[in-house]
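According to the numbering used here, the sequence shown is numbered sequentially starting from 5. All C-beta atoms, glycine included, are put in the ideal place defined by N, C-alpha and C. Below is one structure, written out as structure tokens; the observations come after it.
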Amino acid sequence: MAQGMGISAGPVERAGAVAVAAARHRIVGPAAALAVVGAGAAIIWFADPTTPGGIIPPCPTNALLHVNCPGCGMSRMLYSLLHGDLGAALHFNALGVLFVVLAAASLVTYTAGLWRGRPLRGWHELRYAPMLLLVATLAWFVVRNLPFAPFLALEV
5 MAQGMGISAG PVERAGAVAV AAARHRIVGP AAALAVVGAG AAIIWFADPT
55 TPGGIIPPCP TNALLHVNCP GCGMSRMLYS LLHGDLGAAL HFNALGVLFV
105 VLAAASLVTY TAGLWRGRPL RGWHELRYAP MLLLVATLAW FVVRNLPFAP
155 FLALEV
């Protein structure tokens, strides 16, 4: 029934309402992911991982093995990015900055595909993308642990 007038909606109105409801339903997943990312960003924003002894613990790999893993400095990198300090973010974890950009691009591409009703091709669907990310991560792990200049500047 249409707005209490005693007139039932026709097939065109019902189809339009179903399409709008379907579009809203498709966005629920990305919206939930964005909410989780936002909550994590709020925690990092207020926790200040650049201060030793804070609520965010240090990297367990670094604490136990005394090497910088590929993820070492990620929370400090995110804190710096959230506060607009790209230089510090790159210092703490340059590869992490790249991963944040790629993750944001993936979320935008995925959401746009859902909104349009057909998937869009993203960077992650490229043939060699997974292998390139793996090689970049392994190279970052090795390079940031080399004990001589200029690689000592990569230690965090």
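Which whole-angstrom value is the C-beta distance of residue i and residue j, which I expect to be below 8 Å?
i, j, result
"Ile31", "Leu118", "6 Å"
"Leu124", "Ala133", "Actually they are not in contact, since the Cβ atoms of Leu124 and Ala133 sit about 15 Å apart, beyond 8 Å."
"Val146", "Leu158", "Going by Cβ atoms, the distance from Val146 to Leu158 rounds to 11 Å, so no, they are not a contact pair."
"Ala109", "Gly126", "7 Å"
"Met78", "Gly57", "Actually they do not touch by this definition, with Cβ atoms about 18 Å apart."
How long is the line joining the alpha carbons of residue i and residue j, rounded to whole angstroms?
i, j, result
"Arg80", "Thr54", "6 Å"
"His70", "Tyr83", "23 Å"
"Val160", "Trp49", "19 Å"
"Ile60", "Gly44", "12 Å"
"Met135", "Ala51", "34 Å"
"Asn72", "Leu38", "29 Å"
"Ala107", "Asn149", "25 Å"
"Glu129", "Val104", "17 Å"
"Pro154", "Leu68", "25 Å"
"Pro34", "Phe152", "44 Å"
"Gly42", "Arg131", "31 Å"
Considering just the uninterrupted stretch of the alpha helix (DSSP H) at residue i, what are its terminal residues?
i, result
"Val112", "Leu90 to Arg120"
"Pro145", "The displayed chain sequence assigns Phe, not Pro, to residue 145. First-last of the alpha helix (DSSP H) with Phe145: Ala133 to Val147."
"Ala67", "Pro64 to Leu69"
"His150", "In the sequence on display, residue 150 carries Leu and not His. Element bounds for Leu150: n/a, residue is neither H nor E."
"Arg80", "Met78 to Leu86"
Checklist entry - With contact counted as at least three CB pairs below 8 Å, one residue from each stretch, are the region 134 to 152 and the region 63 to 70 in contact? => result no
Item to check | Cβ pair count under 8 Å reaching 3, the region 106 to 116 against the region 77 to 91 | outcome: no
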